[in-house]
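What follows is a short report on a single structure.
In this note's numbering, the protein residues as written are 273 to 683.
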């Protein structure tokens, strides 16, 4: 089975200056039935492959027990997960992510993280079921074996196999976002991807013995390196989830631990590019506990545009390890126009919103410029000639206090 026409435009580009990709599946349908044909791309870089001729793709809270491809989540909630129930009538499924190395050099290691979720228990006699993880490298998109029923040409990564936590229990829906029904998994792939070559990641839902449970993947992150990186020591806490979301002018970070072992504290670290991180806050841990613990941290002065966050978990003996990285994108004003995007002196700004203030900050969040704006004017001129050459972020505030951002380059 080959990728369908148009696949060359569907891959995720692995860039030299942007070495992190993330997908939270919030673009998946939150209600009703859609269509995702085998081998086609519903999200950039993401293709689903099926062993049976069906293209149905349905939003599911865990209530549906028939075989099929599902967008799991609460009714009408934007928080989605990509999953399926394999069966004899519906066949087997794989969810494949295609990336291409456009760094100009060989990528020598790739860090993959994701959250496995269980949204349904099939019945009391069904044992533990799994989603397995595989990867492959090819110089051409057509070189991948994309049949779900064959593993030829693929390398399995046991550390990224998600074992459904609930089995041999009465059948029915369960909350895949609850800590006891999900697991965060992370591993380093010591794989070489030459410049221009393709890397494909694959999650496989095989048709198991007995009726299958409803399993899914969420919050996928891929971090690539042009040098070999050793696998980190596992966190001394069992991290069940770690999410970031824009909340007004702030960014809210939430994480759950299923257990903790001599955990002193968490340091929240932030980055503008997924490479250079700095601490922005700290929360005290629970020491040693087997209880589920919920944490919330508000970044009250977040960076504009896309920001990247990770947790530095510090043990009582001051040793530490890092979590996987999550990202969040803050909104851009409707109708916002900033030109030119490369300037030696002036920026011209217009937006549908009534703007009252303009700020310029560097990529590490330091404010360098501020100007009050007349909100009744349709267009504003900003003189940024005093700034040094480099890339900056323009922050615009409207009369309601909402922030909007745009990047520009000063010559």
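No residue lacks a Cβ here, since even glycine has one placed at the ideal position from N, Cα and C. Computed from a prediction, not measured in an experiment: that's the story for all the values here.
Outcome for residue i when other beta-carbon atoms lying within 10 angstroms are tallied against a minimum of 16
{"i": "residue 542", "result": "buried"}
{"i": "residue 449", "result": "buried"}
{"i": "residue 393", "result": "buried"}
{"i": "residue 572", "result": "exposed"}
{"i": "residue 281", "result": "Residue placement at residue 281 is flagged as unreliable, the pLDDT there being 44, under the threshold of 50; a coordinate-derived value is accordingly withheld."}
{"i": "residue 416", "result": "buried"}
{"i": "residue 532", "result": "buried"}
{"i": "residue 389", "result": "buried"}
{"i": "residue 685", "result": "This structure cannot settle anything about residue 685, because the visible part of the chain is limited to 273 through 683."}
{"i": "residue 365", "result": "buried"}
{"i": "residue 396", "result": "exposed"}
{"i": "residue 335", "result": "exposed"}
{"i": "residue 649", "result": "exposed"}
{"i": "residue 551", "result": "exposed"}
{"i": "residue 620", "result": "exposed"}
Within 8 Å, strictly: CB atoms of residue i and residue j
{"i": "residue 597", "j": "residue 496", "result": "no"}
{"i": "residue 584", "j": "residue 539", "result": "yes"}
{"i": "residue 654", "j": "residue 639", "result": "no"}
{"i": "residue 420", "j": "residue 328", "result": "no"}
{"i": "residue 452", "j": "residue 380", "result": "no"}
{"i": "residue 652", "j": "residue 625", "result": "no"}
{"i": "residue 319", "j": "residue 368", "result": "yes"}
{"i": "residue 678", "j": "residue 666", "result": "yes"}
{"i": "residue 594", "j": "residue 292", "result": "no"}
{"i": "residue 487", "j": "residue 403", "result": "yes"}
{"i": "residue 445", "j": "residue 527", "result": "no"}
{"i": "residue 517", "j": "residue 600", "result": "yes"}
{"i": "residue 485", "j": "residue 436", "result": "yes"}
{"i": "residue 398", "j": "residue 425", "result": "no"}
{"i": "residue 457", "j": "residue 431", "result": "yes"}
{"i": "residue 521", "j": "residue 628", "result": "no"}
{"i": "residue 498", "j": "residue 378", "result": "yes"}
{"i": "residue 493", "j": "residue 349", "result": "no"}
Reference residue i, options the options, closest by Cα
{"i": "residue 547", "options": "617, 582 and 341", "result": "582"}
{"i": "residue 555", "options": "564, 345, 484 and 570", "result": "570"}
{"i": "residue 297", "options": "490, 469, 375 and 374", "result": "490"}
{"i": "residue 660", "options": "616, 673 and 409", "result": "616"}
{"i": "residue 331", "options": "306, 323, 317 and 314", "result": "306"}
{"i": "residue 386", "options": "417, 481, 454 and 299", "result": "454"}
{"i": "residue 559", "options": "587, 553 and 567", "result": "587"}
{"i": "residue 466", "options": "410, 443 and 459", "result": "410"}
{"i": "residue 519", "options": "326, 343, 673 and 333", "result": "673"}
{"i": "residue 312", "options": "647, 458, 363 and 418", "result": "418"}
{"i": "residue 623", "options": "671, 283 and 592", "result": "671"}
{"i": "residue 266", "options": "405, 438 and 414", "result": "In the structure displayed, the chain extends from 273 to 683; residue 266 sits before or after that span and is not available."}
{"i": "residue 561", "options": "552, 534, 316 and 545", "result": "534"}
{"i": "residue 341", "options": "316, 308, 620 and 317", "result": "308"}
{"i": "residue 316", "options": "285, 339, 338 and 301", "result": "285"}
{"i": "residue 401", "options": "438, 551 and 314", "result": "438"}
{"i": "residue 412", "options": "647, 645, 283 and 474", "result": "283"}
{"i": "residue 225", "options": "475, 515 and 549", "result": "Past the edges of the chain, shown from 273 to 683, lies residue 225, and the structure says nothing about it."}
{"i": "residue 553", "options": "525, 376 and 475", "result": "525"}
{"i": "residue 337", "options": "473, 447 and 443", "result": "443"}
Distance between residue j and residue i (C-alpha atoms, nearest Å)
{"i": "residue 590", "j": "residue 536", "result": "8 Å"}
{"i": "residue 662", "j": "residue 682", "result": "5 Å"}
{"i": "residue 529", "j": "residue 352", "result": "21 Å"}
{"i": "residue 303", "j": "residue 345", "result": "9 Å"}
{"i": "residue 358", "j": "residue 574", "result": "42 Å"}
{"i": "residue 523", "j": "residue 513", "result": "16 Å"}
{"i": "residue 236", "j": "residue 509", "result": "The requested residue 236 does not occur in the structure, where the chain is confined to residues 273 to 683."}
{"i": "residue 287", "j": "residue 310", "result": "28 Å"}
{"i": "residue 482", "j": "residue 563", "result": "32 Å"}
{"i": "residue 618", "j": "residue 680", "result": "11 Å"}
{"i": "residue 343", "j": "residue 641", "result": "44 Å"}
{"i": "residue 613", "j": "residue 664", "result": "10 Å"}
{"i": "residue 363", "j": "residue 578", "result": "38 Å"}
{"i": "residue 479", "j": "residue 668", "result": "52 Å"}
{"i": "residue 325", "j": "residue 356", "result": "15 Å"}
{"i": "residue 634", "j": "residue 611", "result": "18 Å"}
{"i": "residue 429", "j": "residue 477", "result": "15 Å"}
{"i": "residue 461", "j": "residue 441", "result": "35 Å"}
{"i": "residue 557", "j": "residue 433", "result": "28 Å"}
{"i": "residue 347", "j": "residue 299", "result": "14 Å"}
Neighbour flag for residue i against chain C, beta carbons, 8 Å
{"i": "residue 583", "result": "Judged by its chain identifiers, the structure shown contains no chain C, having just a single protein chain."}
Where in the stretch 458 to 538 do unbroken runs of the alpha helix (DSSP H), each at least 4 residues long, occur, reported from the N-terminal end onward?
none
Which whole runs of the beta strand (DSSP E) in the stretch 299 to 325 are 3 residues long or more, in chain order?
305 to 307, 313 to 315 and 318 to 322
In chain order, each beta strand (DSSP E) run of at least 3 residues that lies wholly inside the stretch 597 to 666:
If we require 3 residues or more, the beta strand (DSSP E) runs fully inside the stretch 597 to 666 come out as 598 to 601, 609 to 611, 618 to 622, 627 to 633, 639 to 644 and 652 to 655.
Hey, which unbroken runs of the beta strand (DSSP E) at 3 residues or more fall wholly within the stretch 390 to 437?
Along the stretch 390 to 437, the beta strand (DSSP E) occurs as fully enclosed runs of 3 or more residues at 402 to 410, listed in sequence order.
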